[in-house]
DNA sequence: GCTTTTAACGCACACGTGTGCAAGAGGTGG
DNA sequence: CCACCTCTTGCACACGTGTGCGTTAAAAGC
């Protein structure tokens, strides 16, 4: 029962043929007689022959595997992106190897080198929170493995990237709050050094400036991407002598945490305080009140990134012109504002 | 810049050695002089040598890759399971190839054979809604590829399985509703032929019987696993001449859909009608009111399934005794009941 | 009946790595 | 000075697949 996997040599032996002939027969090569082809195909079917991709990869010096590295597979955002990637790669006859860094730089590095060992045809990455050194990606590029970043990108590496218009999305979110009449608008921000977070912060600042709303640095609280950060940030904001009347959160999970803490403290939404999230995760439609948020179509991000990468793998021989795609965001107005 | 990946032959050439010697040096074989080892290791580091796993796999006749097939990667439940799988396989130095069937039987079959082509060391599967024929799994087993099913399992295949105690979880959920005083308890069920759905239905029926609550077949509505099914099912139930005062849903998404439809129709929860879900997804803590649900620890399911599979791969040579693990469920009581 | 063409298949090698065995160099003991 | 041993390295083959080229045999042409 062990290692029963049929090879072309098995087929060749049973038919008194050379394995080369079997190989050609299976690939419908012109130099093999129709009778032989028929016999080979019949036996292959009977023996459940499955070509050994490992051997083919070694021979062809390339695999049909794409590597994917994300911070956490179980996050709505990333799992939806991966779903988009899988749909594209499946159609193109590629497989994906998925790794999670668990927001750990060291693990991201190990994942990357392991994928390189597996000779992936290309890599799709969203980097960990604390990734600052990017040598591991440089190494892959040097080895000729194309990379496409999405969402959390590396600024200092010149490859294709797929992001959403964080700046613009944040701007629209905050503008919406201002136009609704909210005066003291706080921002529950993400890790400072991540580009997406900086861009959203910029959008926030820019909208304030545009509408001549004075900026108060007490109203920007830095945290991470989870609900706990939303709760902690909200707690901090409510302790201010002059607390905010509106919150723009770095993502929906943080917004939900903040909403929960606000509700616990008896605040009415959106009368006492308003909330805007970012991402349009499932939870934004489920929370009460439904959350106004910036939709970013995660599935499309994955799809686009995978398409860019596959195009580079199959066509981009030497003319590697990096393409940065910025997907549009859309403000979805619900009852939290 | 293309195909720059260093091989042991490159190293051998530069040091005027045979590649066999380099291979042994890198593996710290006793028959290689310390000086040579040092030179080899230094050059390997300098040239960014990454062992070619493809070649190693071919040579060793086994890979360090686990295949994973789920209906939909972007579902909370499955992405959390995959996260659990990845954590276990990562520690054991295995990689995972992830595929989604998109609830399509044909695609599941193609995924399975493709993974077999990639000579995965083992397979973890949760089957598609409409998978009835299981020949593709039989084929892999025949080829000596171990399989472990989780959640949505195949009854007619005798391999290790990881499920939660669906029957007992459902029983506890319905018992809770009965003890709370609800009289007409409906069940928004899943696809009839899936074992998990049948088991939950059994638990529902069993609790009714135990407490002498008359069974009304109008109160069981079959659907799928998404919010839309919850909305549709609820609609149907509210049109009954004698509508239910409590709902036990096949999962949290269905429950949320049902809650939304009930709220739209002016029903108060839990006064007019109560809801219990299944799964303890993130949304169950976010929906208003928070959903009473049966927790099933998705992460643990993935972890356990991966552990069973790895154990079978590394130890279970011929004594393949299938192990069925049934993880405990826990009723989490929140404000929807 | 001989040469030339063509059809069908086998041989050998390659991809990168690993391992049993042989071979060579150098040293030691008698 | 030779036999023997140890240390180090090279050679050859294997894994499964694919391909250029050579080889055989039969058919075709004159």
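Residue numbers (this note's numbering), protein chains in the order written: chain A, 916 to 1252; chain B, 916 to 1252. We treat Cβ as the ideally placed atom computed from N, Cα and C, and that holds for glycine. If you're wondering where the values come from, they're calculated on a predicted model, not measured in any experiment.
Which of the residues in the segment 1047-1065 of chain B, read from start to end, lie with their CB under 9 Å from any CB of chain A?
1054, 1056, 1057, 1058, 1059, 1060
For residue 1197 (chain A), which residues in chain B fall below 7 Å Cβ to Cβ?
1198
Do the CB positions of residue 1052 (chain A) and residue 1213 (chain A) come within less than 8 Å of each other?
no
Chain B contacts made by the segment 949-975 of chain A, where a contact means CB separation under 8 Å
963, 965, 966, 967, 968, 969, 970, 972, 973
The beta strand (DSSP E) that contains residue 1064 (chain B), what's its start and end?
1062-1065
Inter-residue Cα distance where the pair is residue 1237 (chain A) and residue 1106 (chain B)
47 Å
For chain A, find out if any of its Cβ atoms is closer than 8 Å to the Cβ of residue 1031 (chain B); answer yes or no.
yes
Any non-hydrogen atom of the ligand FMN closer than 7 Å to residue 964 (chain A) Cβ
Because no ligand of any kind appears in the structure shown, any question about the ligand FMN cannot be addressed here.
Nearest-angstrom Cα distance between residue 1167 (chain B) and residue 986 (chain B)?
17 Å
Among B:1101, B:1138, B:1211, the one whose alpha carbon lies nearest that of residue 1160 (chain B)
B:1101
Which of helix, strand or coil DSSP assigns to residue 960 (chain A)
helix
Out of A:930, A:944, A:969, which has the shortest C-alpha to C-alpha gap to residue 1034 (chain B)?
A:969
Status (buried if at least 16 other CB within 10 Å, exposed otherwise) for residue 1067 (chain A)
buried
Step through the CB atoms of chain A and report whether any lies within less than 8 Å of the CB of residue 920 (chain B).
yes
Give the list of continuous alpha helix (DSSP H) stretches no shorter than 4 residues that lie fully inside the segment 919-953 of chain B.
923-929, 934-941
List, in order along the chain, the chain B residues whose C-beta lies closer than 8 Å to that of residue 1001 (chain A)?
988, 1013, 1014, 1015
Using a 10 Å radius around the Cβ and a threshold of 16 neighbouring Cβ atoms, would you call residue 1119 (chain B) buried or exposed?
buried
Of the residues B:984, B:1143, B:1152, B:1012, which one's Cα is nearest the Cα of residue 1131 (chain B)?
B:1152
The beta strand (DSSP E) enclosing residue 1163 (chain B), as first and last residue numbers:
1161-1164
According to a CB-to-CB cut-off of less than 7 Å, which residues of the segment 1213-1226 of chain A neighbour chain B?
none
Under the three-state reduction of DSSP, which class applies to residue 1100 (chain A): helix, strand or coil?
strand
Partners in chain B for residue 1228 (chain A), counting only beta-carbon separations shorter than 9 Å
The contacting residues do not exist; residue 1228 (chain A) stays about 11 Å from chain B at best.
Pull up the DSSP beta-bridge partners for residue 1175 (chain B), would you.
Note: residue 1175 (chain B) sits in no beta bridge, so no partner.
So for residue 1038 (chain A), helix, strand or coil by DSSP?
strand
Closest residue to residue 925 (chain A) among A:946, A:964, A:943 (Cα-Cα distance):
A:964
Please state whether DSSP places residue 977 (chain B) in a helix, a strand or coil.
coil
If residue 1009 (chain A) sits next to residue 979 (chain A), beta carbons under 8 Å apart, how far is it from one beta carbon to the other, in whole angstroms?
5 Å
Any beta carbon of chain A sitting closer than 8 Å to that of residue 1203 (chain B)?
yes
Using the DSSP secondary-structure output, state which residues sit across from residue 1076 (chain A) in a beta bridge.
A:1064, A:1239
Relative to the C-alpha of residue 1139 (chain A), which residue among A:1086, A:1103, A:1163 is closest?
A:1103
Rounded to the nearest angstrom, how far is the Cβ of residue 1077 (chain A) from that of residue 1240 (chain A), given a contact under 8 Å?
5 Å
Starting from the C-beta of residue 1007 (chain A), find all residues in its chain whose C-beta is less than 7 Å away, skip the five residues before and the five after it, and write them out in chain order.
1225
Please confirm whether residue 916 (chain B) has its beta-carbon closer than 8 Å to some beta-carbon of chain A.
Here the model assigns residue 916 (chain B) a pLDDT of 47, short of 50, so the residue's position is not dependable and the matter cannot be decided.
Should residue 1129 (chain A) be labelled buried (16 or more other beta-carbon atoms within 10 Å of its own) or exposed?
exposed
Neighbourhood of residue 1126 (chain A) by C-beta, 6 Å cutoff - its chain only, sequence neighbours within 5 removed
1093
Looking at chain B, is there any beta carbon in it that lies within less than 8 Å of the beta carbon of residue 1020 (chain A)?
no
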